[in-house]
Amino acid sequence: MAERTESGQSATLDNLLTEERTFAPSQDFAARANATADTYAEAEADRDAFWAKQAERLHWETGWDQVLDWSNAPFAKWFVGGKLNVAYNCVDRHVEAGHGDQIAIHWVGEPGDTRDITYAELQREVSRAAHGLASLGVGAGDRVAIQLQMVPEAIVAMLACARIGALHSVVFGGFSPSALRTRVDDAEAKVVITSDGQYRRGKAAATKSQVDEALEGAESVEKVLVVRRTGDETGIPPWTDGRDIWWHELMDAQPDSHTPEAFDSEHPLFILYTSGTTGKPKGILHTSGGYLTQAAYTHHVVFDHKPGEDVYWCTADIGWVTGHSYIVYGPLANRATQVVYEGTPNTPHEGRHWEIVQRYGVTLYYTAPTLIRTFMKWGEDIPAKYDLSSLRLLGSVGEPINPEAWMWYREHIGGGNAPIVDTWWQTETGGIMISPLPGVTATKPGSAQRPLPGISAKVVDDQGVEVGRGGGGYLVLDKPWPGMLRGIWGDDQRYKDTYWSRFADQGFYFAGDGAKYDDDGDIWLLGRVDDVMNVSGHRISTTEVESALVSHHNVAEAAVVGASDPTTGQGIVAFVILRGGADDDASGEKAITELRNHVASEIGPIAKPRQIMVVPELPKTRSGKIMRRLLRDIAENREVGDVTTLADTTVMDQISAGLKSGK
Ligand code: WT7
Numbered sequence: 046m047a048e049r050t051e052s053g054q055s056a057t058l059d060n061l062l063t064e065e066r067t068f069a070p071s072q073d074f075a076a077r078a079n080a081t082a083d084t085y086a087e088a089e090a091d092r093d094a095f096w097a098k099q100a101e102r103l104h105w106e107t108g109w110d111q112v113l114d115w116s117n118a119p120f121a122k123w124f125v126g127g128k129l130n131v132a133y134n135c136v137d138r139h140v141e142a143g144h145g146d147q148i149a150i151h152w153v154g155e156p157g158d159t160r161d162i163t164y165a166e167l168q169r170e171v172s173r174a175a176h177g178l179a180s181l182g183v184g185a186g187d188r189v190a191i192q193l194q195m196v197p198e199a200i201v202a203m204l205a206c207a208r209i210g211a212l213h214s215v216v217f218g219g220f221s222p223s224a225l226r227t228r229v230d231d232a233e234a235k236v237v238i239t240s241d242g243q244y245r246r247g248k249a250a251a252t253k254s255q256v257d258e259a260l261e262g263a264e265s266v267e268k269v270l271v272v273r274r275t276g277d278e279t280g281i282p283p284w285t286d287g288r289d290i291w292w293h294e295l296m297d298a299q300p301d302s303h304t305p306e307a308f309d310s311e312h313p314l315f316i317l318y319t320s321g322t323t324g325k326p327k328g329i330l331h332t333s334g335g336y337l338t339q340a341a342y343t344h345h346v347v348f349d350h351k352p353g354e355d356v357y358w359c360t361a362d363i364g365w366v367t368g369h370s371y372i373v374y375g376p377l378a379n380r381a382t383q384v385v386y387e388g389t390p391n392t393p394h395e396g397r398h399w400e401i402v403q404r405y406g407v408t409l410y411y412t413a414p415t416l417i418r419t420f421m422k423w424g425e426d427i428p429a430k431y432d433l434s435s436l437r438l439l440g441s442v443g444e445p446i447n448p449e450a451w452m453w454y455r456e457h458i459g460g461g462n463a464p465i466v467d468t469w470w471q472t473e474t475g476g477i478m479i480s481p482l483p484g485v486t487a488t489k490p491g492s493a494q495r496p497l498p499g500i501s502a503k504v505v506d507d508q509g510v511e512v513g514r515g516g517g518g519y520l521v522l523d524k525p526w527p528g529m530l531r532g533i534w535g536d537d538q539r540y541k542d543t544y545w546s547r548f549a550d551q552g553f554y555f556a557g558d559g560a561k562y563d564d565d566g567d568i569w570l571l572g573r574v575d576d577v578m579n580v581s582g583h584r585i586s587t588t589e590v591e592s593a594l595v596s597h598h599n600v601a602e603a604a605v606v607g608a609s610d611p612t613t614g615q616g617i618v619a620f621v622i623l624r625g626g627a628d629d630d631a632s633g634e635k636a637i638t639e640l641r642n643h644v645a646s647e648i649g650p651i652a653k654p655r656q657i658m659v660v661p662e663l664p665k666t667r668s669g670k671i672m673r674r675l676l677r678d679i680a681e682n683r684e685v686g687d688v689t690t691l692a693d694t695t696v697m698d699q700i701s702a703g704l705k706s707g708k
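The following block contains the structure:
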């Protein structure tokens with residue numbers, strides 16, 4: 046194992062909360078790092094020239110005339126006039142450069158089956174899928190919804206869409222039929238791609254019937270492609286003749302070479318839905334040239350990725366943006382060899398990830414704080430059983446990482462030596478925005494630290510004035526960036542209102558996160574400042590869960606808050622007023638279980654409230670706005686704060702009294 050090289054040699058968990066220690070990069074790492082300290086100054090001197098240089102990482106069929114057109118702000122155009130094919134950039138060009146035999150994907154199925162896919166094979170599969178989709182009438186600009194678990198076909202399907210200029214809309218496998226339907230309808234998807242069933246926690250479960258339920262009467266959907274995954278174990282899935290087609294039957298019949306067409310740099314690439322402050326999810330729209338440039342550049346510098354040497358593993362699901370940018374587009378554009386794992390981290394045992402790291406010699410590992418905290422709970426003796434010495438860099442994303450988890454990750458996974466990159470970004474930003482640069486930055490447990498070269502972010506007060514060192518406020522992005530969202534699908538006004546109205550005078554993008562500067566000027570993210578919760582790194586809006594609750598016949602009113610949770614970051618706590626009153630039998634355990642399941646079936650299991658409290662009233666202001674701050678006090682077992690702005694100041698007493706008496 047490598048020598049400990051950090052500056053804080055006597056690091057122990059005890060003195061952590063002083064938050065003063067820094068870990069300088071080792072000289073070995075720095076000597077070979079992709080990033081250098083000069084990169085900041087270079088980007089600062091001429092931002093457009095810097096991004097133009099980054100775009101040269103890609104193959105352009107036609108060069109661009111202008112790096113950035115911001116004349117119609119906040120609608121950006123990057124690399125104006127340029128043309129490229131995104132799938133060609135992620136697959137074919139590596140084969141043409143003689144790397145066809147390099148493994149692109151070490152795929153590991155949950156039951157233990159594996160598949161190694163080379164770039165040449167990936168090229169053939171993507172080509173067949175491009176022909177297959179085209180044969181169904183899918184063309185440039187059409188939308189394809191994909192709800193698949195982590196199987197190779199998910200990645201192939203995304204790349205095939207990109208290849209023919211169709212937009213994919215990937216829907217997380219854990220979302221319910223009604224959540225799938227909302228997204229299919231909003232994007233008017235022509236084709237839906239799914240599977241017969243999936244392996245989850247050691248069991249095969251049929252899933253196709255849920256997709257059928259979702260698509261009943263869905264007008265836009267012409268064809269449903271079904272990937273066979275569980276096969277005999279789940280039997281023949283329900284089938285709609287004329288609509289449903291087996292993926293393998295369609296694709297096996299297609300030619301395995303396909304000529305890619307170059308699309309405009311601003312050609313739409315995908316839509317990905319994310320929760321906002323209202324109940325309706327937002328279809329975040331990303332386009333081609335700028336997005337791929339930022340995904341490739343950030344994957345190169347933040348993960349210090351060396352093609353042909355590293356084995357990279359991002360544990361995200363393709364249903365989230367992390368899977369889009371750091372499993373599919375960034376790594377493949379950079380000719381990575383990566384692990385893609387289908388299952389849960391404790392199937393069949395709690396050492397599954399470390400067994401995979403050891404088996405494939407994973408060098409770069411990127412995961413979420415919630416999983417790190419889960420690993421901590423399972424105990425350090427589990428990773429200790431495996432050889433993790435191949436790991437040379439660790440990443441974190443999705444929520445603020447608490448210093449204890451950061452230190453545990455460093456010690457027990459990174460061997461006390463691998464740099465940790467805490468990466469802040471969002472579905473909307475397309476790629477990483479704030480992160481240490483490995484080999485350059487002296488890292489600090491819990492801080493994402495500085496905007497990357499080429500990116501500009503600030504912490505500002507209510508008035509949009511930047512706060513000083515030691516000060517806190519709102520995180521804004523004050524300059525456009527290549528991977529930025531180009532809008533919300535079908536709703537330009539909502540795009541402007543959500544992101545650009547809060548600091549309209551200054552023209553800042555409002556990220557929705559609170560942040561502070563420390564005395565060195567490093568940024569610390571403090572969590573959402575709006576009605577969006579972060580549960581295990583997943584964004585869920587309070588209103589979305591409230592709407593699901595009130596759609597149940599037994600619920601009169603509901604208010605939902607995110608309460609801090611030691612494992613998931615935040616947990617969902619719901620306060621409900623039941624019809625027929627709290628004394629009713631219907632307010633017992635059974636009713637609460639039914640409500641929790643109801644939310645799971647409306648949105649998905651990830652939105653299931655951790656706790657539901659039945660209350661007689663909800664705290665509201667005179668204008669009728671629910672004061673979630675007060676409910677959060679109860680959910681987190683704190684003294685209830687200032688109640689003077691409530692319409693009825695006795696409400697909190699009523700709630701507390703009811704809860705104490707167990708009603
Ligand atoms: C929200 C974006 C970006 C991919 C995963 C989530 C929170 C994300 C960090 C981090 C503190 C973080 C923010 C952000 N977040 N990364 N390193 N430190 N907070 O994407 O679902 O679009 O959520 O996740 O609150 O706004 P997303």
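Residue numbering for the sequence shown follows the numbering used here, beginning at 46 and increasing consecutively. Just so it is clear, CB atoms sit at the ideal spot from N, CA and C, and this is done for glycine as well. If you're wondering where the values come from, they're calculated on a predicted model, not measured in any experiment.
As assigned by DSSP and simplified to three states, the class of residue i
i    : result
R173 : helix
F548 : coil
A463 : coil
G532 : strand
L58  : Interpretation of L58 is limited by its pLDDT of 38, a score under 50 that renders its predicted location unreliable; no figure is taken from the coordinates.
A224 : helix
V504 : strand
F555 : strand
A493 : coil
T50  : Unreliable placement is indicated for T50, whose pLDDT of 32 sits below 50; the coordinate value is still reported in the next sentence. Residue state, collapsed to three classes: coil.
T67  : coil
A100 : helix
F217 : coil
Y540 : helix
L676 : helix
P414 : helix
L181 : coil
V685 : coil
S441 : strand
Q699 : helix
T360 : coil
T304 : coil
A487 : coil
H144 : helix
S609 : strand
Pick from the options that is closest to residue i, judged by C-alpha positions
i    : options                   : result
F124 : A185, F95, I329 and V356  : F95
S668 : K653, R655, A680 and T690 : T690
T474 : V385, L337 and E602       : L337
R573 : L520, V373 and T67        : L520
R208 : A234, G219 and R173       : R173
P313 : S320, D297, L330 and P326 : L330
A100 : G219, T543 and W526       : W526
T285 : A205, E258 and G557       : E258
G177 : M296, I465 and A636       : M296
S214 : I637, Y562 and Y318       : Y318
H457 : I427, G484 and V485       : I427
Y342 : P611, G375 and G703       : G375
Y562 : D550, G518, Y540 and V600 : G518
Q656 : E264, M697, A608 and Q699 : A608
L497 : Y85, A179 and F217        : Y85
M658 : L704, V385 and H597       : L704
- Assess, as a yes-or-no matter, whether the stretch 395-415 is touched by the stretch 352-365 under the definition of 3 or more beta carbon pairs within less than 8 Å. yes
- Item | Length at least 3, wholly inside the stretch 362-398: the beta strand (DSSP E) runs in chain order | 382-386
- Query: Taking the runs of the beta strand (DSSP E) that are 3 residues or longer, which of them lie wholly in the stretch 567-602?
  - Reply: 568-573, 577-580 and 583-586
- Which parts of the stretch 111-137 are runs of the beta strand (DSSP E), unbroken and 3 residues or longer, counting only runs that do not cross its ends? 111-114 and 122-125
- Message: Using only Cβ atoms and a threshold of 7 Å, which residues come within that distance of a heavy atom of the ligand WT7? Order them by chain position.
- Response: T319, W365, V366, T367, S441, V442, G443, E444, P445, I446, D467, T468, W469, W470, Q471, T472, E473, A493, A556, G557, D558, L570, G572, R573, N579, G582, H583 and R584
- At least three beta-carbon pairs within less than 8 Å, the stretch 458-471 to the stretch 434-442: yes
- Message: Extract the residue ranges of the alpha helix (DSSP H) inside the stretch 629-673, only unbroken runs of 4 or more that lie entirely within it.
- Response: 634-647
- Item | Inter-stretch contact (C-beta, 8 Å, three-pair minimum) for the stretch 366-381 and the stretch 339-351 | yes
- Task: Could you tell me whether the stretch 272-284 touches the stretch 241-257, where touching means 3 or more Cβ pairs closer than 8 Å?
- Result: yes
- Query: Okay, do the stretch 187-199 and the stretch 417-430 touch, 3+ Cβ pairs below 8 Å being the bar?
  - Reply: no
- Query: Given 8 Å as the limit, is there contact between the stretch 575-594 and the stretch 524-536, that is, 3 or more CB pairs closer than that?
  - Reply: no
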